[in-house]
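Heads up: the sequence shown begins at 45 in my numbering, then just goes up one per residue.
Every residue, glycine too, gets a C-beta built ideally from N, C-alpha and C.
One structure is given here, and the rest of the page talks about it.
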Amino acid sequence: TRKRFENKVAVITGAASGIGAATARLLAREGAHVVLADLNDNGGASIAADLGATAMAIKCDVSSAADIEALIKAAVDRHGRIDILFNNAGIGSFGTSVEIQPAEWERVIAVDLHSVYYACHFAIPHMPRGGAIVNTASISGMGGDYRFAAYNAAKGAVINYTRALAVDHARDGIRVNALCPGLVVTPITAGAQQLPGLKEEWESRIPLGRAAQPEEMASVVAFLASEDASYVTGTIMVADGGTTAH
Ligand code: NAD
């Protein structure tokens with residue numbers, strides 16, 4: 045196997061599950077020292093346990109600036125710098141703007157959007173030239189879905205914020221890109237996929253005819269985070285099996 049991340053330090057949020065866990069595994073396999081962060085599983089401790097001696101897990105609520113500051117400090121205390129930041133933790137939310145209550149709106153924006161700013165604010169001063177940031181947005185940030193108002197708002201903002209970060213930090217040698225997954229088989233979507241007919245209806249709208257596995261997102265994140273993408277910044281990378289192509 046290739047070792048694109050030998051001795052690179054990678055901080056990954058939402059690393060206890062799904063896309064974040066798959067990415068932590070891939071980056072570690074290619075040589076990275078990974079710092080996993082999550083609200084669950086003590087920060088992703090059970091994933092970290094499989095990823096070698098330098099992997100560590102930090103319990104953290106990404107919607108808290110203080111938690112993110114502590115996460116970045118722990119990573120820098122341990123490794124001296126951060127080469128790769130994968131802002132991936134996120135939550136969904138169901139409802140129109142009338143149905144959804146203010147507290148839920150604020151929670152979704154805090155977890156899905158404010159978290160990205162907090163991590164960039166605290167991490168970028170510790171990122172050397174050659175550093176890379178990847179933000180998990182969604183194809184739900186590119187248009188409206190029925191009754192996904194808060195999520196559509198948050199992910200749309202992550203997309204344009206990614207462009208702002210890319211512009212501001214290009215001269216620092218830091219590249220910033222967003223991943224827009226389509227439907228991925230993870231716990232976030234598992235519930236909905238149990239509902240009669242919904243899985244089939246969703247898959248009927250995907251030209252490739254199936255949902256993605258988390259590993260198929262991790263491989264895209266790894267590309268964006270690696271030197272293979274040395275001239276790629278400010279890009280919104282869609283990996284949706286063709287969903288938004290029609
Ligand atoms: P997942 O539920 O498997 O993983 C998300 C992880 O984020 C979980 O481990 C959860 O504990 C963690 N998390 C949630 N809130 C947190 C908080 N406040 N602080 C710290 N950690 C928190 O889901 P996933 O599908 O792997 O989701 C990863 C990202 O991908 C999310 O940003 C999601 O919006 C996005 N996404 C997913 C899909 C999909 O179909 N699964 C599609 C588009 C975008």
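Asked	Found
Whose C-beta lies closer than 6 Å to the C-beta of L70 among residues of the same chain, with five residues either side of it excluded?	A262, A266
Based on the DSSP output, what are the partners of T57 in its beta bridges?	A81
Given this structure, state the Cα-to-Cα distance separating N204 from Q145, to the nearest angstrom.	25 Å
Just mark A163 as buried or exposed, buried being the case when its beta carbon has 16 or more other beta carbons within 10 Å.	buried
Expressed to the nearest angstrom, what Euclidean distance is found between the alpha-carbon atoms of T287 and G226?	7 Å
What did DSSP end up calling I280 once you bin it into helix, strand or coil?	strand
When DSSP labels each residue in this structure, what does C317 get in the three-state scheme?	A question about residue 317 goes unanswered here, because the residues of the chain that appear run from 45 up to 290.
Between which two residues does the alpha helix (DSSP H) harbouring T233 extend?	231-238
Which same chain residues, not among the five before or five after G88, have their C-beta less than 6 Å away from its C-beta?	A59, A60, L80, D82, A101
Between L268, A92, V264, S274, which lies nearest to D284 when the distance is taken from Cα to Cα?	V264
Determine the DSSP secondary structure at V142, reduced to helix, strand or coil.	coil
Could you tell me which of A92, G62, A54, T57 sits nearest to A256, measuring between CA atoms?	G62
Check whether the Cβ of S107 lies closer than 7 Å to any heavy atom of the ligand NAD, and answer yes or no.	yes
Where does the unbroken alpha helix (DSSP H) through A176 begin, and where does it stop?	That residue, A176, is in no alpha helix (DSSP H); its beta strand (DSSP E) goes 176-180.
Can we say the stretch 165-180 touches the stretch 113-124, given the rule of at least three CB pairs closer than 8 Å?	yes
Since L157 is in the beta strand (DSSP E), which residue starts that stretch and which ends it?	First-last for L157: undefined, no H or E at that position.
Between N51, V160, M186, K47, which lies nearest to A289 when the distance is taken from Cα to Cα?	M186
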